[in-house]
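Beneath this line is the structure, given in structure tokens, with notes to follow.
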Amino acid sequence: MTLSSIPVTPPSGAYDLDSQTLRVVAAIAEFGSITRAASVLGFSQPAVSQHLKRVESRLGMPLVTRSGRGIRLTEAGGVVARHAAVVLAALDSAASELSDLSGLRSGRVRLTAFPSASSTIVPQLIGTMAAEHAGVQFSYLEAEPPEAVASVRDGHTDLAVAFHYPADRDDPFLDSVETLVVHELARDEILVLVPDGHPALDADPGTSVDHGTPVDLARLRQESWIAGCPRCRAHLIGSCARSGFSPTVSVETDNAVAVMSMVAAGLGVALLPALALAASPLPAGIVARPTSGGDHRMIVAVTRPGADHVPAVGEALRLLRAHPSTTARGSAR
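Count along the sequence shown from 1, add 6, and you get the number used in my numbering.
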């Protein structure tokens, strides 16, 4: 396929832009290369270059300029790219909605979700959609909530599965979704992981997250903690502060399986959401218990306004709401 067969729409005004130009400029902005942009869009590199020349000639200003071995956008190109994401997202939503009116025989959902959802929520959702609506195509990107929400806002993602902590005093998530729509899905219990037989357990030790006395975090003030990166451990810091102490973090890892193994090895204690345990069962030698304060996070879906009216996206949201076990499985009660 070549761009030579796609006419540049005669402008009714000096700066009219067609959707193909928006896609080309948006791809160059994302990849910093005409060659890469052409490949992603399914065109040849010469075709994209010629298309840009024709558009630049029509506009009377350059959109790209060479920078070393790459390509960067000019100020005019930056203006086009900034608006392209919003315009293209709206056009794609309209096209998807029109094509899906015939009963979800076709359609597309661009999904983004956090890591522990990749082995729980995501495969179950996509598997159900594939069984019930085989014509709907999914693309998936794993990302932490801040990046996932930004992807929705920028028009690169239709539906993001994210989470936030209602108990946190300063919750940046609430500011990040100010212009978006948040759909609450499930409550995901936060569990304390301690070695089997730890004094804080109080009662007979067990290995199930569904049994046992909740743990008061204040009883773990003298322990070493295993925690994620500085950004990811904000909730741990806040939870411990509400219990009257500051945790001593001795090991840093964002890998939930590694956290469990390190607790089992006696290197410290930790907090993990129940969903992480649904993805990776507890190893022998450790116990998971709810906190005495009922600590939890909310798992949510985030979309742009009106996205749930696109049939494929709306159906994905319906399935997420209808099957809470696909989100907070294994939550302690």
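Positions of the beta carbon are idealized from the N, C-alpha and C atoms, including for glycine. The model shown is predicted, which means the values in this text are computed figures rather than measured ones.
Integer-rounded CB distance, given that residue j should sit under 8 Å from residue i
i    : j    : result
V183 : V155 : 6 Å
A233 : D160 : Actually they do not touch by this definition, with Cβ atoms about 30 Å apart.
P241 : D174 : Reading off the sequence shown, one finds His at residue 241, where the question assumed Pro. With 8 Å as the limit, H241 and D174 qualify as a contact, their Cβ atoms being about 6 Å apart.
R111 : G141 : 5 Å
A224 : G250 : 6 Å
R88  : G38  : With 8 Å as the limit, R88 and G38 do not qualify as a contact, their Cβ atoms being about 16 Å apart.
Coil, strand or helix - residue i by DSSP
i    : result
V183 : coil
G29  : For clarity, residue 29 is Arg in the given sequence; the question names Gly instead. Three-state result, R29: helix.
L104 : helix
F49  : coil
H315 : helix
M67  : coil
D98  : helix
F251 : coil
A264 : helix
H241 : helix
E204 : In the sequence as presented, Glu is not what sits at residue 204; that position holds His. Correct three-state label for H204: coil.
R310 : coil
P178 : helix
S214 : Only weak support exists for where S214 lies, its pLDDT of 45 falling under 50; the coordinates are left without a value.
P121 : helix
T126 : coil
R116 : strand
P279 : strand
H57  : helix
L325 : helix
A140 : coil
L79  : strand
P296 : strand
Residue i vs residue j beta-carbon contact at 9 Å
i    : j    : result
M266 : L199 : yes
S298 : V221 : yes
I292 : A270 : yes
L94  : R29  : yes
A340 : L117 : Residue 340 cannot be examined here, being either before or after the span of the chain that is shown, 7 to 339.
T27  : H57  : yes
V257 : R239 : no
P170 : P151 : Going by the sequence as given, residue 170 is His instead of Pro. Yes, the Cβ-Cβ distance between H170 and P151 is below 9 Å.
S286 : S125 : yes
W1   : G272 : The chain is shown only over 7 to 339; residue 1 falls outside these bounds and no answer can be derived.
V387 : I40  : As displayed, the chain neither begins before 7 nor continues past 339, which places residue 387 out of reach and without an answer.
V308 : L180 : no
L278 : A290 : no
L186 : L326 : no
S25  : L104 : no
Cβ neighbour criterion (16 or more within 10 Å) applied to residue i
i    : result
T163 : buried
H315 : exposed
S355 : Residue 355 is absent from the structure shown; the chain starts at 7 and stops at 339.
V86  : buried
G83  : buried
S63  : exposed
G133 : exposed
C235 : exposed
A282 : buried
L263 : The amino acid occupying residue 263 in the given sequence is Val; Leu does not appear at that position. That one is exposed.
V167 : buried
C246 : buried
A284 : buried
S102 : buried
R324 : exposed
P296 : buried
P253 : buried
V46  : exposed
A328 : exposed
S145 : exposed
The ligand NAD heavy atom lying under 8 Å from the CB of residue i
i   : result
G83 : Questions concerning the ligand NAD fall outside what the structure shown contains, since it holds no ligand whatsoever.
C-beta neighbour in chain D for residue i, strict 9 Å
i    : result
A101 : Of the protein chains in this structure there is only one, and it is not chain D.
Query - Sufficient close CB pairs (3 or more, under 8 Å) joining the region 304–311 to the region 186–196 - result: Yes, since at least three Cβ pairs between the region 304–311 and the region 186–196 fall closer than 8 Å, the two stretches touch.
Query raised in the report: Are the region 20–37 and the region 69–84 touching by the rule of at least three beta carbon pairs closer than 8 Å?
Result: Yes, the region 20–37 is in contact with the region 69–84.
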